[in-house]
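Enquirer:
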Amino acid sequence: MTQIYRRIKLTRWLGLLLTLCIVIACPRQLFAHSLGEGYLFIDVSDSSLSGWVEITLTDLDAALSIDGDSDGKVSEEEMLANFERVRGYVFEHVGIGTGDREYELEFTNYELRNVALSPFLMMHFRTIERQIPDVLHIQYRMLFDIDPQHRGFLVISSNEKGGIVDTGEGVTLIFSPTKTEQDIDLTRLSPWVSFVDFLKHGVWHIWIGFDHVLFLVALILPSVLIRQDARWEPVGEFRQAIWNVVKIITLFTVAHTVTLTLAALDLVRVPGRLVEAVIAASVIIAALNNIFPVIRERIGWVVFLFGLFHGFGFASVLQDLTSNATNLAADLAGFNIGVEIGQLAIMLVVFPLLFVFRSKYVYRQVLLPVGSFVIAVLAAGWLVERVADLEFMPI
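Taking this note's numbering, the leading residue of the sequence shown gets 139, the next gets one more, and so forth.
Below, the structure is given as structure tokens:
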């Protein structure tokens, strides 16, 4: 009876934790774009080329130190006080031209989009060229020297050469520290190129998504064990252990694929703050369940439920990149497959090690509980950050 009471009590606390996430986080909204991302928009006609560059003032401060009063926020006044440096930095690190020469980008005006994340600076430009080639050579190098995780996105917002006046805001190319220059054929914007770029982006996103990774690790840690007589014992066969992993990965994949697709198609919207808070809570619950295994028979339902929220988390990244329908199917498929490849790669590294050490006393009595506790503590820090809108965690 005592153990049953403890399970009921812990389950109530877990339910209360989720309720608090929903009540506190629901009023907050998800804002487009993220820190560590820059955008190059271009409008193309047969005889002119114009566009704008978007980047947060926070990212610019990391490169140029323009926060004059060191309060952690860059105001428009502080940006204007350093405007020549800002303009020089942007146009020195973004280039458009041909294989032979780079066009001169003539600055026309700026705008600020004030959002809670960080104000986005929009630097508008045009070229003096009157004959725009079919193939453009694009360069994007902002922030790469100080932030290897930064990404740049090329958006063709209008392209008369491709026979489309308004293509929306779908990302065409993705730039990274190892891919700073790319060519684009304006007459043939290939869905295959977009698919490959989004596949790579999906792999990258899961690898830097520590909350998603730790959720999976917390679920996989006990997959090589079985609960008997109130204690963990090693599974007898590899087949049983791998089947445990297959069930977990399959349920998680199906769940986040559903919500990723619904959100990417703009059929379902969930406040971003709520999604991020529930993801953090899911990591806490998965980790604590390894120490106090109150959720056993219905762990599959728990994985599926939280997988839905993780899908919305993936979608928050994808939605910023695919707001048009031109290559949406290819982009969605590429990103989703990339997430699965990245996820599988992690499991291929983690699971064999767990299976080898499953019978060791130190794994069952030390590594499993201590590792789960550390994961829970990290996730608790993320939960506080996301609910209270703070920033103190190192990752």
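Note that beta-carbon positions come from the ideal geometry of N, C-alpha and C, so glycine has one too.
1) Run through the region 389-447 for me and flag every whole alpha helix (DSSP H) of 4 or more residues, listed as ranges in chain order.
2) What would DSSP say about ASN474, mapped onto helix, strand or coil?
3) Using a Cβ-Cβ cut-off of 8 Å (strictly less than) and excluding sequence neighbours within five positions of VAL488, which residues of its own chain qualify?
4) Using 8 Å for Cβ pairs, my map puts ILE204 next to VAL224. What's the rounded Cβ distance?
5) According to DSSP, which residues form a beta bridge with GLY290?
6) Which residues in the same chain have their Cβ closer than 7 Å to the Cβ of GLU523, if we skip the five residues on either side of it in sequence?
7) Tell me whether SER510 sits in a helix, a strand or coil according to DSSP, three-state version.
8) Can you list, in chain order, the residues of its chain whose CB lies under 6 Å from that of ASN427, leaving out five sequence neighbours each side?
9) What do you get for ILE234, buried or exposed, if any count of 16 or more other CB atoms within 10 angstroms of its CB means buried?
10) With three or more beta-carbon pairs closer than 8 Å as the criterion, would you say the region 282-296 touches the region 193-202?
11) Between which two residues does the alpha helix (DSSP H) holding THR265 run?
12) For LEU492 and VAL392, which I take to be in contact (beta-carbon distance under 8 Å), what is that distance rounded to the nearest angstrom?
13) Less than 9 Å separating the beta-carbons of ALA468 and PHE348?
14) Does the beta carbon of MET280 come closer than 9 Å to any beta carbon on chain B?
15) If you check the beta carbons only, do MET260 and TYR248 fall under 9 Å apart?
16) Locate the alpha helix (DSSP H) running through ILE358, then write down its first and last residues.
17) Below 9 Å between beta carbons: does that hold for GLY374 and ASN474?
18) For ASP207, does the three-state DSSP call read helix, strand or coil?
19) Between which two residues does the alpha helix (DSSP H) holding LEU218 run?
20) Since THR194 sits in a beta bridge, which residues does DSSP pair it with?
21) Under the three-state reduction of DSSP, which class applies to GLU523: helix, strand or coil?
Expert: On the basis of the data shown:
1) Within the region 389-447, the runs of alpha helix (DSSP H) at least 4 residues long that lie entirely inside it are, in chain order, 410-429.
2) Here DSSP, grouped into helix, strand and coil, assigns ASN474 to helix.
3) Its chain contains VAL355 and ILE358 as the residues whose beta carbon lies nearer than 8 Å to that of VAL488, once the 5 sequence neighbours on both sides are disregarded; these appear in chain order.
4) Rounded, the Cβ-Cβ distance is 7 Å, consistent with contact.
5) In DSSP, GLY290 forms a bridge with GLY176 and PHE313.
6) Closer than 7 Å at the Cβ level, and outside the excluded window around GLU523, lie GLU529, PHE530 and MET531.
7) If DSSP states are grouped into helix, strand and coil, SER510 belongs with the helices.
8) Its chain contains ILE433 as the residues whose beta carbon lies nearer than 6 Å to that of ASN427, once the 5 sequence neighbours on both sides are disregarded; these appear in chain order.
9) The residue in question, ILE234, is buried, as its Cβ has 16 or more Cβ neighbours within 10 Å.
10) Contact holds: three or more Cβ-Cβ distances are below 8 Å.
11) Premise fails: THR265 lies in the beta strand (DSSP E), 258-265, not in any alpha helix (DSSP H).
12) 23 Å between Cβ atoms; not a contact.
13) In terms of Cβ geometry, ALA468 and PHE348 do not form a close pair [threshold 9 Å].
14) As a matter of chain content, chain B is missing from the structure shown, which is built from one protein chain.
15) Yes, the Cβ-Cβ distance between MET260 and TYR248 is below 9 Å.
16) It spans 348-358 - the alpha helix (DSSP H) in which ILE358 sits, taken as one unbroken run.
17) No. Outside cutoff.
18) In the structure shown, ASP207 adopts coil according to DSSP, grouped into three states.
19) It spans 214-219 - the alpha helix (DSSP H) in which LEU218 sits, taken as one unbroken run.
20) DSSP, once it has assigned bridges, lists PHE258 as partnering THR194.
21) GLU523 falls in the helix class under three-state DSSP.
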